[in-house]
Amino acid sequence: MEIDGYRAVIEFDPDIDMFRGEFVDLNGRADFYRKDVAGLRREGAISLKVFLDMCREDDVEPRKRFSGKFNLRMPPTLHATIAVAAAAEGESLNQWVTDELRAGVSSSV
């Protein structure tokens, strides 16, 4: 779900029989609950507003910043397979993985 340009992941919690949303690109936590999607969207907007107001008051950047770097651990055999695939396409390992991740994300959104 996207509210005012901020993305939230939605899950259903069967223990409380409600949907739970949590914004994932914020520099802190802001979650919200409701039984129906329309209510969840309204509650999300309220939760987001409170979070953004607090950020303004404290002079804090609301969006999480990403460096563009992360460490990835995998089995050595997979690492070798990926390195061969990248070389076969004439790409660096980094570029090949970036392209594959981009394709995977764009097909799921």
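According to the numbering used here, the stretch in the sequence shown is residues 1 to 109, in order.
Cβ atoms here follow ideal geometry from the backbone N, Cα and C, with glycine treated the same way.
Source: prediction; values computed, not measured.
- Residue 8 is bridged by DSSP to 23.
- Under the DSSP definition of a beta bridge, residue 2 partners with 7.
- Rounded to the nearest angstrom, the gap between the Cα atoms of residue 4 and residue 52 is 11 angstroms.
- In this structure, the beta-carbon distance from residue 43 to residue 34 falls below 7 angstroms.
- Residue 41 and residue 23 do not touch by the CB rule: their CB atoms are close to 13 angstroms apart, not below 8 angstroms.
- If only uninterrupted beta strand (DSSP E) runs of at least 3 residues are considered, those enclosed by the stretch 15-87 are 18-23, 31-34.
- Classified as exposed, residue 12 has fewer than 16 neighbouring CB atoms from the shown chains inside 10 Å of its CB.
- Residue burial is scored here from C-beta neighbours: residue 48 has at least 16 other C-beta atoms within 10 angstroms and is therefore classed as buried.
- The beta-carbon separation of residue 94 and residue 60, rounded to 32 angstroms, does not stay under the 8 angstroms limit for a contact.
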